[in-house]
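Protein chains in written order, with the numbering used here: chain A, 427 to 608; chain B, 48 to 285. Note that the Cβ used here is the ideal one computed from N, Cα and C, for glycine as well. Computed from a predicted structure; not experimentally measured.
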Amino acid sequence: MATMDDRLLVEAIRAGDPQAPRELISRFQGVVFGLCFRMLGHRHDAEDAAQETFIRALRGILGFDASRPIRPWLLEIAANRCRTALALRARRPPAADPSLAAERADDRAGPRDPDDLAGELELALARLRPEYRAVFALFHEQGLSHEEIAAALGRPVGTIKTWLHRARGEMAASLAARGIHR
Amino acid sequence: MNCRDFDQIWNRLLDAESGPRRDDGPEATATRMAREALLMEHAAACPPCLARHRQFETLRDAMRAWSARPRPAPRASSTVVDRIVRAAPRPEPASPRRRRARPLAWASALAATAAMAAVVLRPPAREEPRPEPPRLVSLNTAMADAREASLRLALSASEPAARLGLAMLIATDAEEAPFGDAAPAEDAEPDAPGLAARVGGYAAAGARPLSDAARQAFGFLRSPSLDKNATNASSRGI
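Below is the structure:
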């Protein structure tokens with residue numbers, strides 16, 4: 427099972443192999459969770475969205491075109507789940523869910539370790555628009571190509587390149603505004 | 048090099064600054080150093096680009112530190128996997144649905160209302176992957192879609208009933224006619240054909256068989272195409 431390629435894995439799920447769905451989850455849960463975490467900025471919500479993604483994918487696997495790569499398809503479902511979660515969150519009163527405030531990145535300006543560059547980048551990333559954040563994370567964290575990100579987010583490749591460029595520009599400006607220098 | 052080239056070269060350099068893409072081989076390093084020399088040359092003569100150059104250098108250092116961190120991962124739990132597998136039933140080939148008879152007019156009206164509600168109240172976010180980007184649906188577009196869906200449902204379920212209903216709606220717009228003058232005489236025990244004839248008589252007389260609220264609710268059924276059909280139908284005596 428470990429060496430099975432994605433296409434065979436899809437066929438195994440369709441054929442009813444009981445281990446195949448577990449293999450699918452094991453193989454892609456990292457990238458799916460990574461996208462959800464970056465889009466939602468909240469671990470618990472991201473885990474929920476990732477679970478919903480796999481449930482929907484397994485339910486809809488018969489309708490999936492097996493000639494396509496499965497990773498962008500899974501990420502497309504995940505991005506849709508995250509958009510739905512963000513829309514629901516936007517309708518919620520801000521103080522209704524204290525767990526959100528507890529797990530959200532600390533975005534208060536204040537004394538931080540200036541040498542914690544990774545932490546500063548994390549903070550700058552958290553301040554980006556969800557689309558920019560997702561593109562940056564999929565490209566730099568998950569190693570997806572522009573084309574794969576475009577397929578996952580349902581946007582043209584040119585848009586993805588523009589968003590990535592803008593995301594980096596905003597992050598560079600954000601670091602400078604916080605007094606972070608080499 | 049101009050400022051635009053400067054930005055593009057920085058963009059290419061930063062593209063390579065992620066864990067999976069980072070290439071520290073001798074060839075890649077030489078290319079990177081050559082590009083950086085070009086950038087420095089331009090930045091030295093262009094104060095705005097010099098400031099930008101420093102910002103991008105800081106960003107690159109931060110990206111390198113960030114890439115070295117462990118990636119966020121879900122909590123490993125076999126119960127979560129079990130839950131997912133249990134929640135997603137084993138795939139089965141889709142079986143064709145049986146056609147169900149839809150003889151009742153009220154059922155078609157209910158379906159039409161549901162179709163309209165589904166279009167008007169559909170959630171803003173996409174639920175399933177679709178090849179096209181999401182588009183904004185205006186209220187007018189939604190109402191037009193609902194009307195079209197309702198017409199199709201009504202026509203397929205009970206076309207004669209739809210025509211009769213339309214004729215009655217048209218009658219409400221006709222010149223006011225004294226209700227009593229045209230109303231047929233009441234029977235003590237009306238049979239079904241007699242009732243149908245009486246309803247037709249009311250409509251022909253320009254009576255108002257529907258309440259204002261009902262006309263407002265179902266007035267959208269009046270489309271030019273159905274009006275035309277109704278005119279043809281009435282000329283054929285339907």
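If you pair each beta-carbon of the segment 503-518 of chain A with each one of the segment 55-74 of chain B, do three or more pairs fall below 8 Å?
Touching, no, given that fewer than three Cβ pairs across the two stretches are closer than 8 Å.
Counting Cβ pairs, one atom from each stretch, are 3 or more of them under 8 Å apart for the segment 588-600 of chain A and the segment 76-92 of chain B?
The segment 588-600 of chain A is not in contact with the segment 76-92 of chain B.
State buried or exposed for S493 of chain A, treating a residue as buried only when at least 16 other CB atoms are found within 10 Å of its CB.
exposed
Does DSSP put G486 of chain A in a helix, in a strand, or in coil?
Coil.
Is it the case that the Cβ atoms of I414 of chain A and A134 of chain B are separated by a distance below 7 Å?
Residue 414 of chain A lies beyond the residue range present for chain A, which begins at 427 and ends at 608; the question has no answer from this structure.
Closer than 7 Å, Cβ to Cβ, to anything on chain B: give me those residues from the segment 558-569 of chain A, in chain order.
F565, H566, E567 and G569
Report the rounded CA-to-CA distance for E573 of chain A versus W499 of chain A, giving the unit in angstroms.
13 Å
Of all the CB atoms in chain A, is at least one closer than 7 Å to the CB of D52 of chain B?
no
Considering only the beta carbon of each residue, do G467 of chain A and P119 of chain B sit closer than 7 Å?
For G467 of chain A and P119 of chain B, no; Cβs fall outside 7 Å.
Quick one: is E596 of chain A near chain B, going by C-beta distance under 7 Å?
no
E557 of chain A lies in the alpha helix (DSSP H); which residues open and close that run?
P556 to F562
Nearest CA to the CA of G595 of chain A: which residue from B:D54, B:M80, B:R199 and B:E74?
It is B:D54.
Hey, is the segment 58-67 of chain B in contact with the segment 98-110 of chain B, meaning 3+ C-beta pairs nearer than 8 Å?
Enough Cβ pairs lie closer than 8 Å, so yes.
Pick from B:V132, B:R111, B:A98 and B:R51: whose alpha carbon is nearest that of A483 of chain A?
B:V132
Need the endpoints of the alpha helix (DSSP H) that L463 of chain A sits in, please.
In the sequence on display, residue 463 of chain A carries Phe and not Leu. That run of the alpha helix (DSSP H) goes A446 to L466.
Tell me whether the beta-carbon of E473 of chain A lies closer than 7 Å to the beta-carbon of P121 of chain B.
Yes, the pair counts as a contact, with Cβ atoms nearer than the cut-off.
Does any CB atom of chain A fall closer than 7 Å to the CB of R118 of chain B?
yes
Let's test the definition: count the other Cβ atoms within 10 Å of the Cβ of P447 of chain A and tell me whether it reaches 16, buried, or not, exposed.
By the 16-neighbour rule on beta-carbons within 10 angstroms, P447 of chain A is buried.
Roughly how many whole angstroms lie between the Cα atoms of R79 of chain B and Y558 of chain A?
26 Å
For H607 of chain A, does the count of other Cβ atoms within 10 angstroms reach 16, so buried, or fall short, so exposed?
exposed
Between E83 of chain B and chain A, is any beta-carbon pair separated by less than 7 Å?
no
Run down chain B in chain order and give the residues with a C-beta less than 9 Å from the C-beta of P447 of chain A.
V128, I131, V132, A135 and R137
According to the neighbour-count rule (16 or more other Cβ atoms, all chains shown, within 10 Å of its Cβ), is D471 of chain A buried or exposed?
With 16 or more Cβ atoms within 10 Å of its Cβ, D471 of chain A is classed as buried.
Looking at C-alpha atoms only, which residue of A:G442, A:A560 and A:A578 is the closest neighbour of R485 of chain A?
A:G442
How is the alpha helix (DSSP H) around E546 of chain A delimited, first residue to last?
L543 to A552
Could you work out which residues of chain A lie near L106 of chain B, taking near to mean beta carbons separated by less than 7 Å?
R594, M597, A598 and L601
How many angstroms separate the CA atom of L543 of chain A from the CA atom of P94 of chain B?
25 Å
Strictly below 8 Å CB to CB, what residues from chain B border A476 of chain A?
Near A476 of chain A (Cβ distances below 8 Å), the residues of chain B are P121.
Between F463 of chain A and L198 of chain B, what straight-line distance do the alpha-carbon atoms span, to the nearest angstrom?
45 Å
Using a Cβ-Cβ distance cut-off of 7 Å, determine whether G460 of chain A contacts chain B.
With 7 Å as the cut-off, G460 of chain A counts as an interface residue toward chain B.
When you compare the CB of L434 of chain A with every CB in chain B, is at least one pair closer than 7 Å?
No Cβ of chain B is located within less than 7 Å of the beta carbon of L434 of chain A.
Taking the alpha carbon of R433 of chain A as the reference point, which residue from A:R469, A:F490 and A:G456 has its own alpha carbon closest?
Of the listed residues, the one whose Cα sits closest to R433 of chain A is A:F490.
Taking 7 Å as the cut-off, decide whether the C-beta atoms of W113 of chain B and L554 of chain A are in contact.
no
Taking the alpha-carbon positions, what's the R581 of chain A to A193 of chain B distance?
Between the alpha carbons of R581 of chain A and A193 of chain B lies a distance of about 29 Å.
From A:L579, A:A516 and A:R604, pick the residue whose C-alpha is nearest to that of L549 of chain A; which is it?
When only C-alpha atoms are compared, the closest one is A:R604.
If we call anything under 7 Å between Cβ atoms a contact, is Q102 of chain B one with A602 of chain A?
yes
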